[in-house]
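Accompanying notes for the structure given below.
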Amino acid sequence: MKVRTAVFPVAGLGTRLLPATKSMPKEMVTLIDRPLIQYAVEEVIAAGVERVVFVSARSKRALEDHFDRTPELEYQLQDSGKTEVLAEMQRLSSMCDITYVRQKNPLGLGHAVLCAKDVVGKEPFAVILPDDIIMSKKPVTAQLIDNYNKTGKSVVSLMEVPNEDTSKYGIVKLGAEEGSGLYELDGMVEKPKENPPSNMAIIGRYILTPDVMEALEHTPRGAGGEIQLTDAILDVAVKQGVYGYLFEGKRFDCGNMNGLFEAVVHFALERPDLREHAINVLKGASKLY
Ligand code: UTP
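Here my numbering is used: the first residue of the sequence shown is 459, the next is one more, and so on.
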């Protein structure tokens with residue numbers, strides 16, 4: 459069955475980016491000239507997704523506004539002959555159908571995904587954590603969908619992390635390799651305090667089958683007292699099998715300052731309109747410090 463829907467859990471508080479996120483959603487923090495959420499939404503659309511579901515909370519209005527029409531701005535751009543910018547604004551507001559659901563209590567990522575159950579229905583769906591921004595030739599969501607189409611099972615994105623960082627991620631136990639970076643998963647544990655099963659971490663891109671939603675309904679609170687998506691995926695892995703895929707691309711954790719800064723540098727260096735300026739700035743700075 460086609461993956462038509464992508465769920466974006468965006469109800470978190472974003473405390474690691476305070477004070478930037480005091481009165482602004484984390485997903486609206488900008489990476490050069492557009493908010494993080496726009497990169498993530500464009501990625502899923504490029505992968506053929508038709509419906510986007512934002513699981514949001516109070517004070518996330520800016521996210522809705524960003525993808526809405528702004529007639530007064532459009533008139534102004536039209537009058538002043540800024541047709542290119544106008545076309546870009548129109549593209550943004552007609553990009554996709556967005557449905558909003560609320561997570562009334564921040565009970566964790568698994569709980570946030572479960573809040574989208576009725577909207578998703580009994581179909582496979584993508585889950586996207588928009589503070590993970592991934593620079594790749596082929597959108598990572600499309601890479602995962604290809605592997606879902608091959609296996610018919612849930613597929614999570616994997617990345618190797620340093621041993622000392624395993625306690626920050628969901629960590630998997632790899633099973634048999636199916637070829638080209640696709641592995642059966644023999645286990646997974648959220649933020650292991652000791653004895654991680656490997657140094658392969660789950661990153662914020664998933665294609666999940668409807669049985670993960672069903673598992674979430676019975677998933678008790680886990681690490682950090684939250685309902686963990688990893689625990690529900692493990693439940694399904696044990697019963698029917700789940701795959702992990704070592705994606706092609708470079709991932710930036712834009713939910714913290716260091717990752718966000720790194721992303722700004724790399725994205726600027728990749729953009730033809732900014733590349734030369736970015737190189738000059740970096741060269742100049744390296745002489746000064
Ligand atoms: P994070 O662990 O990054 O938490 O959540 P956070 O609150 O967004 O940020 P920090 O750690 O305080 O800086 C991972 C993803 O899960 C969503 C977040 O919005 C983010 O996309 N999430 C988390 C929810 O939607 N609801 C929750 O209850 C928890």
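Note that CB positions come from ideal geometry on N, CA and C, so glycine has one too.
Treat the numbers as computed from the prediction; the structure is a model and nothing was measured.
For the alpha helix (DSSP H) that valine 578 lies in, which residues bound it at each end? 575-578
Rank Met459, Lys611, Gly470 and Ile490 by C-alpha distance to the C-alpha of arginine 733 and give the top, closest one. Ile490
Is proline 588 near the ligand UTP, with its Cβ less than 7 angstroms from a heavy atom? Correct: proline 588 has its Cβ closer than 7 angstroms to the ligand UTP.
Going by other Cβ atoms of all chains shown within 10 Å of its Cβ, with 16 needed for buried, is glutamate 648 buried or exposed? buried
Top-ranked residue by Cα proximity to asparagine 750, from Glu581, Val487 and Ala659: With the chain running from 459 to 747 in the structure shown, residue 750 is simply not present.
Option in Phe512, Lys480 and Gly699 with minimal Cα separation from alanine 469: Closest option to alanine 469, Cα to Cα, is Phe512.
Using a Cβ-based criterion (distance less than 7 angstroms to any ligand heavy atom), does valine 578 qualify as near the ligand UTP? no
How about glutamate 500 and proline 493: do their beta carbons lie closer than 8 angstroms? no
Neighbourhood of leucine 640 by C-beta, 7 angstroms cutoff - its chain only, sequence neighbours within 5 removed: Asn605, Tyr701 and Tyr703
Beta-carbon contacts of glycine 418 that lie in its chain and below 7 angstroms, excluding the five residues immediately before and after: Outside the modelled stretch of the chain, which goes from 459 to 747, sits residue 418, for which no answer is possible.
Check the C-beta distance from aspartate 644 over to glycine 628 and give it rounded, since I have them as a contact under 8 angstroms. The Cβ separation is near 14 angstroms, so there is no contact.
With a threshold of 7 angstroms, establish whether the CB of valine 510 neighbours any heavy atom of the ligand UTP. no
May I have the straight-line CA-CA distance separating leucine 616 from phenylalanine 705, to the nearest angstrom? 7 angstroms
Do glycine 472 and threonine 463 have their beta-carbon atoms positioned less than 8 angstroms apart in this structure? Contact: no.
Touching by the beta-carbon criterion (3+ pairs, under 8 angstroms), the segment 583-597 and the segment 674-683: The way I'd put it, the segment 583-597 doesn't touch the segment 674-683; fewer than three beta-carbon pairs between them come closer than 8 angstroms.
Can you give me the Cβ contacts of proline 588 inside the same chain, cut-off strictly under 7 angstroms, excluding the 5 residues immediately before and after it? Phe466, Val468, Glu485, Leu494, Ile495 and Ala498
Can the beta-carbon of aspartate 555 be found closer than 8 angstroms to that of arginine 527? no
Cβ atoms of glycine 566 and isoleucine 685: under 8 angstroms apart, would you say? yes
Check whether the Cβ of alanine 631 sits closer than 7 angstroms to any heavy atom of the ligand UTP, and report yes or no. Looking at the sequence provided, one finds lysine at residue 631 rather than alanine. For the ligand UTP, not one heavy atom lies less than 7 angstroms from the Cβ of lysine 631.
With C-beta atoms as the reference, is aspartate 582 less than 8 angstroms away from threonine 667? Just to set this straight, residue 582 is proline in the shown sequence, not aspartate. Going by C-beta atoms, proline 582 is nearer than 8 angstroms to threonine 667.
Can you name the start and end residues of the alpha helix (DSSP H) that glutamate 508 belongs to? Glutamate 508 -> no alpha helix (DSSP H), and no H or E assigned at all.
With a threshold of 7 angstroms (Cβ to nearest heavy atom), would leucine 565 be considered close to the ligand UTP? yes
Between histidine 657 and glutamate 618, how many whole angstroms is the CB-CB distance? I'm expecting something under 8 angstroms. Strictly speaking, residue 657 in this sequence is asparagine, with histidine absent from that position. Indeed, because the Cβ distance is near 6 angstroms, the residues count as touching under 8 angstroms.
Exposed or buried, methionine 671, counting other C-beta atoms within 10 Å across all chains shown (16 or more means buried)? buried
Residues bridged to valine 513 by DSSP? Pro467 and Val559
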